[in-house]
Amino acid sequence: MQFIVNFLRGSVSFTVTGAFPERFLNLCAQNGVGFWGLTWLDAHTLSLRVARRDARRVRTLAEKAQCEARAEGGQGMPYFLAGFRRRYALLIGLALALGAVCLLSRFILTVEVSGNESVPSAVILAELSRQGVRPGAYGPGLDLRRISQEALGRIEGLSWMSVNLHGTRAEVLVREREAPPELRDESTPAHVVAAADGILEEVEVLEGQALFQEGQAVLAGEIVISGAVDLKEPMYATVDAGQRLVHARGTLWASTYRTLQACIPLEAQIKVYTGAEEETWSLTVLGHTLNFFGKGSISTAGYDKMTTTHILTLPGGREMPLALVKTEYRAYETTTAAIQTDAAQAMLEERLLERLEEIIGAEGSVLSTTFSVRENSGLLTVTLKAQCREQIGREVTFAGQVGEIIPGTQSG
Numbered sequence: 255m256q257f258i259v260n261f262l263r264g265s266v267s268f269t270v271t272g273a274f275p276e277r278f279l280n281l282c283a284q285n286g287v288g289f290w291g292l293t294w295l296d297a298h299t300l301s302l303r304v305a306r307r308d309a310r311r312v313r314t315l316a317e318k319a320q321c322e323a324r325a326e327g328g329q330g331m332p333y334f335l336a337g338f339r340r341r342y343a344l345l346i347g348l349a350l351a352l353g354a355v356c357l358l359s360r361f362i363l364t365v366e367v368s369g370n371e372s373v374p375s376a377v378i379l380a381e382l383s384r385q386g387v388r389p390g391a392y393g394p395g396l397d398l399r400r401i402s403q404e405a406l407g408r409i410e411g412l413s414w415m416s417v418n419l420h421g422t423r424a425e426v427l428v429r430e431r432e433a434p435p436e437l438r439d440e441s442t443p444a445h446v447v448a449a450a451d452g453i454l455e456e457v458e459v460l461e462g463q464a465l466f467q468e469g470q471a472v473l474a475g476e477i478v479i480s481g482a483v484d485l486k487e488p489m490y491a492t493v494d495a496g497q498r499l500v501h502a503r504g505t506l507w508a509s510t511y512r513t514l515q516a517c518i519p520l521e522a523q524i525k526v527y528t529g530a531e532e533e534t535w536s537l538t539v540l541g542h543t544l545n546f547f548g549k550g551s552i553s554t555a556g557y558d559k560m561t562t563t564h565i566l567t568l569p570g571g572r573e574m575p576l577a578l579v580k581t582e583y584r585a586y587e588t589t590t591a592a593i594q595t596d597a598a599q600a601m602l603e604e605r606l607l608e609r610l611e612e613i614i615g616a617e618g619s620v621l622s623t624t625f626s627v628r629e630n631s632g633l634l635t636v637t638l639k640a641q642c643r644e645q646i647g648r649e650v651t652f653a654g655q656v657g658e659i660i661p662g663t664q665s666g
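Sequential numbering from 255 applies to the sequence shown in this note's numbering.
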């Protein structure tokens with residue numbers, strides 16, 4: 255801290271020579287002249303540094319001590335500014351530079367988002383930009399609390415947001431909303447039906463009445479676990495006790511047979527590059543683009559476009575809102591070419607297997623697969639037939655209320 259004070263007020267280095275330099279040091283102490291950086295050069299010579307305001311007093315005190323004080327040079331802010339006394343252009347440039355630093359430090363240059371995982375940063379930045387928080391915005395003119403509240407209400411999946419300014423950096427802290435646990439609808443009667451044809455291997459009834467047993471075949475849409483449960487009549491009763499409605503639950507593991515099909519044309523349009531190329535350059539500053547070399551715009555029809563962006567990055571990895579963008583255009587023509595049958599078949603088989611895994615789910619398993627291939631009218635068709643083991647039970651609601659009793663009839 256003292257170093258900064260000495261730099262701002264300026265200091266002068268002196269070399270003092272005399273028969274008794276100690277007397278000079280005593281006089282400085284008695285008259286309140288502070289010094290530092292004392293160095294003895296020999297028995298009669300020393301060097302020290304004093305504040306700029308005490309430079310004249312040093313010479314007077316040296317004469318009283320019968321010594322000679324010779325100034326070696328000044329240091330600090332006053333001497334630095336004095337060098338611009340007759341260099342008006344440099345003085346004006348320094349003033350403008352200091353003013354620019356003080357002014358530009360109040361504008362936002364970067365916006366950083368942290369704390370999000372499922373909500374994309376691009377969505378958050380787009381909404382904040384609409385609210386005025388963007389590179390180039392004047393920081394003190396933003397109502398950050400109001401902006402945080404409005405952005406929070408417009409972005410789904412967030413429960414909390416805070417926008418803080420740290421100089422030219424806007425820090426956006428968010429907290430994502432925790433998804434509430436899925437609540438099962440137990441108030442509406444439901445059946446468990448088969449989602450696909452198959453042979454039941456395992457029927458687990460958690461609620462409801464099973465209408466099929468293991469080993470039986472079921473069709474898609476058939477009720478396997480009924481939500482209308484038959485009530486048992488008392489012994490020797492002559493009246494049907496009726497049925498009680500419930501929300502049936504359970505799992506139906508079955509052996510199923512799936513047939514999937516996909517096709518692809520055996521000819522395709524491919525690109526052949528002509529060798530003609532165009533190149534444009536642009537500069538992006540605070541979100542504004544300036545085209546300074548090359549054509550302003552080129553039609554993308556018949557051209558492949560490749561963009562390379564070089565972002566100004568400070569030491570430490572902080573990106574600045576200044577980027578040099580290079581855009582290359584390569585001209586091409588389209589022509590018809592034949593597709594290799596083996597490659598097309600392998601691609602379709604891979605996609606059919608992926609589709610099959612999506613249908614049977616992560617818990618299902620594929621027991622066996624067979625493929626058949628057919629070419630007709632320029633199309634290659636691949637058919638997949640697979641035997642699977644999967645859970646085919648699906649809950650389907652129907653009219654009524656859980657717990658409602660449907661009266662029976664007299665049995666005679």
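Backbone N, C-alpha and C fix where the C-beta goes; we use that ideal spot for every residue, glycine too.
- Message: On the DSSP bridge list, what partners appear for Val266?
- Response: Val304, Gly328
- For Leu520, which three-state DSSP category applies? coil
- Query: For Phe257, is the classification buried or exposed, using 16 other Cβ atoms within 10 angstroms of its Cβ as the cut-off for buried?
  - Reply: exposed
- Task: Please state whether DSSP places Ser441 in a helix, a strand or coil.
- Result: coil
- Task: List the DSSP bridge partners of Thr271.
- Result: Thr299, Glu322
- Message: Here's the rule: buried if 16 or more other CB atoms are within 10 angstroms of the residue's CB, otherwise exposed. What is Met415?
- Response: buried
- Query: How should Tyr392 be labelled, buried or exposed, when 16 other C-beta atoms within 10 angstroms of its C-beta is the threshold for buried?
  - Reply: exposed
- Under 8 Å by Cβ, that's how I've got Leu465 and Ile477 pegged, so tell me the actual separation to the nearest angstrom. 6 Å
- Pairwise C-alpha distance: Thr561 and Thr595: 35 Å
- Item | the region 499-518 contacting the region 643-651, beta-carbon criterion three pairs below 8 Å | yes
- Query: Gln664 by DSSP, collapsed to three states: which one?
  - Reply: With a pLDDT of 46 at Gln664, under the threshold of 50, the modelled position of this residue cannot be trusted, and the question is left open.
- Task: For Arg420, count neighbouring C-beta atoms within 10 Å of its own C-beta (all shown protein chains included) and say buried if the count is 16 or more, exposed if not.
- Result: Per the sequence shown, the amino acid found at residue 420 is His instead of Arg. Looking at its Cβ environment, which holds fewer than 16 other Cβ atoms inside 10 Å, His420 is exposed.
- Just curious, the alpha helix (DSSP H) that Ile613 is in, first and last residue? 595-614
- Among residues of its own chain, excluding the 5 on either side of Thr635, which ones have a beta-carbon nearer than 8 Å to its beta-carbon? Gln515, Ala516, Cys517, Val627, Arg628, Glu629
- Item | Three-way DSSP call (helix, strand, coil) for Val426 in this model | strand
- Own chain partners of Thr604 with C-beta closer than 8 Å, once the 5 adjacent residues on each side are dropped: Correcting the residue type first, residue 604 is Glu in the shown sequence and not Thr. Excluding sequence neighbours, Glu604 sits near nothing in its chain.
- Query: Going by Cα to Cα distance, which pick from Ala482, Arg584, Ala585 is closest to Gly654?
  - Reply: Ala482
- Query: What is the C-beta distance between His366 and Glu404, in whole angstroms, given that I count them as a contact (C-beta under 8 Å)?
  - Reply: In the sequence as displayed, the identity of residue 366 is Glu instead of His. With 8 Å as the limit, Glu366 and Glu404 do not qualify as a contact, their Cβ atoms being about 20 Å apart.
- Item | Per DSSP, cross-strand counterpart(s) of Gly541 | None; Gly541 has no bridge partner.
- Query: Is the region 569-581 touching the region 535-543, taking contact as three or more C-beta pairs under 8 Å?
  - Reply: yes
- Item | Distance between beta carbons of Val428 and Ala502, contact taken as under 8 Å | No, Ala502 and Val428 are not in contact; Cβ-Cβ is about 42 Å, not under 8 Å.
- Item | Segment contact, 8 Å Cβ cut-off, at least three pairs: the region 279-291 with the region 324-333 | no
- Message: Quick check on this structure: which residue in Ile660, Val472, Lys580 has the alpha carbon closest to the alpha carbon of Gly496?
- Response: Ile660
- Item | For Arg388: DSSP bridge partner residues | BP columns for Arg388 are empty, so no partner.
- Query: Where does Arg399 sit, in a helix, a strand or coil, going by DSSP?
  - Reply: helix
- Query: Excluding five sequence neighbours on each side, which residues of the same chain lie with their C-beta closer than 8 Å to the C-beta of Glu471?
  - Reply: In the sequence as presented, Glu is not what sits at residue 471; that position holds Ala. Around Ala471: Asp451, Gly452, Ile453, Leu454.
- Query: Cβ of Gln320 within 8 Å of Cβ of Gly264?
  - Reply: no
- Whose CA, out of Asp296, Leu292, Met489, Cys356, lies closest to the CA of Val304? Leu292
- Message: Out of Ser631, Gly390, Gln385, which one is the CA nearest neighbour of Asp397?
- Response: Gln385
- Going by beta carbon distance, what residues of the same chain come within less than 6 Å of Arg277, once the five residues before and after it are set aside? Ala319
- Task: Check Ala640 in the structure and name its three-state DSSP category.
- Result: strand
- Task: Provide the residue(s) that pair with Gly504 in DSSP beta bridges, ordered along the chain.
- Result: Val459
- Item | Same chain, Cβ closer than 8 Å to Gly475, neighbours up to 5 away in sequence not counted | Val447, Ala448
- Task: Could you pull out every residue in the same chain whose Cβ sits closer than 7 Å to the Cβ of Arg313, ignoring the five residues on either side in sequence?
- Result: Ala323
- Query: Between Phe289 and Arg307, what straight-line distance do the alpha-carbon atoms span, to the nearest angstrom?
  - Reply: 12 Å
- Are there 16 or more other CB atoms within 10 angstroms of the CB of Glu381, so buried, or fewer, so exposed? buried
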